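Numbering (my numbering), first residue to last: 11 to 133.
Notes for the one structure printed next.
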């Protein structure tokens with residue numbers, strides 16, 4: 011399976027910690043991420059992550075295109091619910107495309123754990 015890992019700035023540390031905790035499960039999948047998140051995951055975990063553009067520069071839309079093409083099968087997107095994002099329309103479009111294509115989307119650490127553990131059981 012191909013999974014996307016995305017995190018807003020205030021959630022990047024949490025996502026790196028999450029990836030370290032689930033490295034065994036995540037390492038069995040093809041991973042992609044938006045720019046800075048992918049850079050941090052590549053540098054700070056034992057995972058290999060394909061990097062797209064930064065979210066504000068179109069990375070969310072690139073991942074959305076992969077969802078629409080059937081090439082991304084799940085997304086962990088740790089969003090910062092307390093900070094307005096300048097690229098909010100792109101974020102909303104990504105969430106919508108996941109709903110349209112019935113792709114699992116986790117937006118907090120608890121739902122991310124369920125998503126990754128569920129995918130792990132399905133192998």
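C-beta: ideal position from N, C-alpha, C; glycine also.
Small disclaimer: the values here were computed from a predicted structure and weren't measured.
Buried versus exposed call for residue i [16 or more other C-beta atoms within 10 Å across all chains shown]
i: residue 113; result: buried
i: residue 131; result: exposed
i: residue 55; result: buried
i: residue 1; result: Any property of residue 1 remains undetermined from this structure, which presents the chain solely from 11 to 133.
i: residue 19; result: exposed
i: residue 94; result: exposed
Inter-residue spacing [alpha-carbon to alpha-carbon] between residue i and residue j
i: residue 30; j: residue 43; result: 15 Å
i: residue 71; j: residue 41; result: 16 Å
i: residue 99; j: residue 32; result: 30 Å
Option nearest residue i by Cα separation, candidates the options
i: residue 22; options: 99, 51, 109, 127; result: 51
i: residue 26; options: 68, 12, 49, 11; result: 49
i: residue 64; options: 125, 11, 15, 128; result: 15
i: residue 82; options: 45, 46, 107, 123; result: 107
Whole-angstrom C-beta distance between residue j and residue i, which should lie under 8 Å
i: residue 66; j: residue 88; result: That pair is no contact at about 16 Å.
Any beta strand (DSSP E) of 3 or more consecutive residues that is wholly inside the stretch 60-127:
84-88
If you scan the stretch 26-59 from start to end, which runs of the beta strand (DSSP E) of 3 or more residues do you find wholly inside it?
Fully enclosed beta strand (DSSP E) runs of no fewer than 3 residues occupy 40-43 of the stretch 26-59, in order along the chain.
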